[in-house]
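I have placed the structure first, in the form of structure tokens, so that the comments after it can refer back to it.
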Amino acid sequence: MKRQLFSLFVCIFLVVSWFSVFVTYSQTPVPEGIIEVEIPVRGTFVRAMDDWPYYGPGQKEYDEYLEVAVGTYTDFRIEDPAIVNLQSHGIFEGDTVYIGWRGGVYPDGAWNPADPGSRTMGLRENEKVPYGGLVGLFSTTSELEDIDVLNRVPGAIDFGDDFVTPETLWDGGRFEISQKLEEKNVDWYNGSLTTDIPEDFKIEPYTGKLIEIPRNAKFLFISLIDEYYRDNFESPNSLFANIEKDTDKDGIPDNWEINGIDINKDGEIDLDLSAMDADWEHKDIFVEIDYMGSSGGHDHRPHGSAINDVVQAFRNAPVKNPDNVQGINLHVIIDEELEHVDEITFDQFRTQIKTENFGTEDDDPNTIAAKKMVFHYCLFAHNQTGGGWSGRGEIRGDDFMVSLGGFEAYTGTRNQQAATFMHELGHNLGLHHGGNEEINYKPNYISIMNYLFQLDVFGSGRPLDFSIGDKISLTESGLNEHIGIGDPVKTVWRLPNGRVAISDGSMTIDWNRNGNLSVGVRVNLNNFPQEPSTDNNETLTDYNDWENLFYRFKNTANFATGEENPHNELTFKQYEDMMDDAKDIIEVISPEPTGTDFLELQVDVSALGTFLRADPIMEEGGSPVEPPTIIDLEATGILGEKWIFITYSGKIFHAIDWGDGDPKEDGYINLIGIFSTTTELESIDKLNRVPGAIASNTGFETDETYFTEMQTDIPEDFLSGDHTGTTIEIPDGAKFLFLCNPDVYYPDNGGTFQVTIKKLEANQSTFPIETIIIIIVAIAAILFIVFLFLRKRKKTKLKKHPTPN
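Heads up: the sequence shown begins at 51 in the working numbering, then just goes up one per residue.
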């Protein structure tokens, strides 16, 4: 009976526990969830000074100015920071909130009595905003220590997002005004005090801070970032911080998605987002489209199927949500037909057209104002003035255009409309043509943001999609053809002969189309005439677009200032040029990979390449310093081997005539290497350029650079020795091998040399043949000497003890 009761109790406990977890997850958040708090301009939670820092002959003049300009200076004391009780506003540990700010402060407003409008003494001329933003801190309590204490918040919580606050300007709070109040008479940093604590974090201008409330946090402290607070006074627009609960991190506060937006706070909902299927647990993006009407037998109303294609692409996005359903809900409203005009500027669209047409005819001003807080605005137009661009969009903004009047049927095909719409919306969401950068035409960045794949001119069969960032990096001066882009999908690039190539979708890619798979291949992959790339030493990287979308446009400079920041985009002329290239495209059939059947590998090493710190200064006739040759140990089948044997051959030359005749062979050619866990390579001015370097325990000391005498030596590199070769043990954890020529000055080098890496079998000697011969001869000599010694000793013994007759 006891056992049955116990089993029943366990079952009830499990059911109740499951139900409580479900209820906890599904609870509706507290409706408040949005907090606006004024930030005291002289308030801080860091160590600060509460004295006027002056004395001397100019003191009376300064006091008189303060009385007239800003009131009695004794009124300007250091204040407490803004302290927010999170739980009283329905915000608890684990919640995701966005912290932003608006308004400003007049810093250093009284530093020049002769010119009340001047703020030059503070070295922040005419500023009306916080110097670099705000700084925040979470705490278990609201307790605040005295102003001269470094750790003023005893309950501060360190959650690993530290920001370094600047030191105070003066220690002791005084400086002498020797003659008059001028910058040259101020010793700004005489005896500064440390203020930095590990628990604080920065709230950036415009972009703010999206953050998860750490464990045990009940209070949030917010203040300005400043070195001296007493000279701050309020601007006409006071400084406010806004704290918004945003569970799904889509830039729309939970309260708006649940209860709607009351833009003028009159108690009436101006925009009911829940009625538009907004979900506080699933990311939402809203777009309103207006379009130009009929002209010449066509209009620019977007194809419904094209928009549906983009909606589906966002629905399929590999983006996580609190409701455990992946994807983004893209809500698109195709709204008004506008008068057709042949050309407009982007500025006309953003100002005149948006001002007159954003929102529907039935929307009142408050509804339109509420929509501007959450809706992107798109216009399907005919053409743009001055460029014939297919579209344009603000980076991290809310406005974009699609203008395909020069394309098929004057409106573009379904694919062209879908791709351009998604491309320009991608700019609004913070994406560039290279993901996080402007490098275009990257074969390993398979994204609708990349011109190679936007309109699929070259027939790669790309999906209508952003990139997920899973392709390997490509160093153009040292390509590894055994591993391609790290994924067996088709891609496009430009060959050394200028023709466009498309891969066959295999894992290997013969980048230079010579019929062989090699390591250390050099090809300028993204040198397309639409956007020429003269740098053949770039490292082309993929980017995870979906994981890095920027949703919160209402806190950006574009939205706040009304200034445009659009991209110039693909033109119809560029599109035609790409179509011409596509007619002559070459499909490259790559050989099968060598896999693990590694026996011997040969690579070319450039005399200009190095992983050492180097002097980039080029004398006339020199060339830029290049990255080293990088070998992928796994792709080449070397990974898993214990020992390898490295030899090299060939010559390199001085490409600069140093006054001693024609360019000649470099007299100190050699080979050094370094093993690494990654292909990452820091800039040329860094000493430790290979962050993943692994010591091989055979360190080689490199010389300082020739002109600048900078240290180059690092402990992890090894010397391959002379041309007879060197046996190297591969250290644990090594995945890549960097190779280069050790030199004191690289820009005067020319040519390449060849490196051979051989596999050593378990029973194979690890010594060069010359060394083996020397050892054999030495052993033979020793044995011969021993033989002679023993023979002589035997003869001596026979003389002392003759054999009896």
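Quick reminder that beta carbons are idealized off the backbone N, C-alpha and C, glycines included.
As the structure is a computational prediction, the values presented were derived from the model and not from experiment.
Taking the Cα of THR395 as reference, the smallest distance to any Cα among THR435, GLY511, GLU766 is reached at THR435. In this structure, GLU526 lies near LEU575, with their beta-carbon atoms less than 7 Å apart.
Within the DSSP secondary-structure output, SER273 pairs in a beta bridge with VAL185.
A Cβ-Cβ distance of about 6 Å is found for the pair TRP693 and GLU779, placing them in contact under the 8 Å criterion. A contact between stretches requires three or more CB pairs, one per stretch, nearer than 8 Å, and the stretch 80-100 fails this requirement with the stretch 255-267. Assignment of beta strand (DSSP E) within the stretch 369-436, counting only whole runs of 3 or more residues, yields 379-388, 425-431 in chain order. Assignment of LEU502 by DSSP, reduced to helix, strand and coil, places it in the helix class. If you draw a straight line from the Cα of PRO352 to the Cα of ILE552, it comes to about 31 Å. For ILE313, the secondary structure class from DSSP, reduced to helix, strand or coil, is coil. Counted as a single uninterrupted DSSP element, the beta strand (DSSP E) harbouring PHE788 occupies residues 786-790. Here GLY447 is near ASN478, since their CB atoms are less than 7 Å apart. When only Cα atoms are considered, ASN587 and THR190 end up about 52 Å apart. The DSSP-derived three-state label of ASP449 is strand. Residues MET499, ASP595 of the same chain have their beta carbon placed closer than 6 Å to that of LEU481, with the five preceding and five following residues left out of the count.
In terms of Cβ geometry, SER523 and ILE496 do not form a close pair [threshold 7 Å]. LEU194 sits away from THR218, with the two beta carbons spaced by 7 Å or more. Under the DSSP assignment, MET342 falls in the beta strand (DSSP E) whose first and last residues are 334-342.
The DSSP-derived three-state label of TRP543 is strand.
In summary, GLU307 is buried, with 16 or more beta-carbon neighbours lying within 10 Å of its beta-carbon over all protein chains present. With a contact defined as Cβ atoms closer than 8 Å, VAL452 and CYS428 qualify at about 7 Å. Taking a cut-off of 8 Å on C-beta distances, the stretch 792-807 touches the stretch 672-684, as three or more cross pairs fall below it. Proximity of the stretch 282-297 to the stretch 136-153 meets the contact definition, three or more beta-carbon pairs being nearer than 8 Å. Put simply, the backbone Cα of ASP340 is about 11 Å away from that of PHE450. Within its own chain, the residues whose Cβ lies closer than 6 Å to the Cβ of HIS426, once the five positions on either side in sequence are excluded, are VAL337, ASP448, ASN478, listed in chain order. It is roughly 13 Å from the alpha-carbon of LEU184 to the alpha-carbon of TYR279.
Residue pairing by DSSP places TRP596 in no beta bridge whatsoever. The beta-bridge partner set that DSSP reports for LYS252 consists of VAL185. Between GLU531 and the set GLU411, ILE681, GLY700, the nearest pair of CA atoms involves ILE681. VAL638: not part of any alpha helix (DSSP H); member of the beta strand (DSSP E) spanning 636-638, first to last residue.
With a 10 Å radius around the Cβ and a threshold of 16 neighbouring Cβ atoms, LYS333 comes out buried.
GLN504 and LEU658 do not touch by the CB rule: their CB atoms are close to 35 Å apart, not below 8 Å. ARG572 and ASP630 have their C-alpha atoms spaced approximately 26 Å apart. Taking the Cβ atoms as the reference, THR417 lies roughly 32 Å from SER440, outside the contact range of under 8 Å. Between VAL638 and ARG563, the C-beta gap is smaller than 7 Å, which places the two residues in contact. Around the beta-carbon of GLN402, fewer than 16 other beta-carbon atoms lie within 10 Å, marking it exposed.
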